[in-house]
Amino acid sequence: MTMTVELGALEKVVEGLVAHGRYGSKSEVLREGVRLVQEREAGLAELYAKMDAGIAEANAGLLIPVEEVKAEILTELRAMRDP
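Written out as structure tokens, the structure is:
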């Protein structure tokens, strides 16, 4: 499928990548860019899902007071320092 894309100032970047041999064609550059966007979007979706889960746990009252978390971390750090 053929697609026409207006890249504006990015056209020079794409041309440079091809000219310097990093990619074999403009299409390769654009496919790589889309693949990277897909990866980023998947990562963001995972992050949002984790945030939603955390908010749901907080709303359900499943929280640990920060003082307890801090004490546990300090205990673990001391144990690593003084085996």
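Going by my numbering, the residue at position 65 of the sequence shown is 806; the numbering climbs one at a time, nothing skipped.
From the three backbone atoms N, C-alpha and C, an ideal C-beta is built for every residue, glycine too.
Every value quoted in this text rests on a predicted model; they were computed, and no experiment measured them.
8 Å Cβ cutoff, residue i in contact with chain C
i	result
A812	Considering every chain present, this structure includes no chain C. It has just one protein chain.
Rounded separation between residue i and residue j - CA only
i	j	result
K811	A794	22 Å
A790	E809	26 Å
R763	L751	16 Å
M792	A760	43 Å
Local Cβ density within 10 Å of residue i, reported as buried at 16 or more and exposed below that
i	result
V778	exposed
V754	exposed
Chain-order list of residues whose beta-carbon lies under 8 Å from that of residue i (same chain, five-residue window excluded)
i	result
L758	Y764 and V770
- Could you say if the segment 770-784 and the segment 746-759 meet the contact criterion of at least three C-beta pairs nearer than 8 Å? yes
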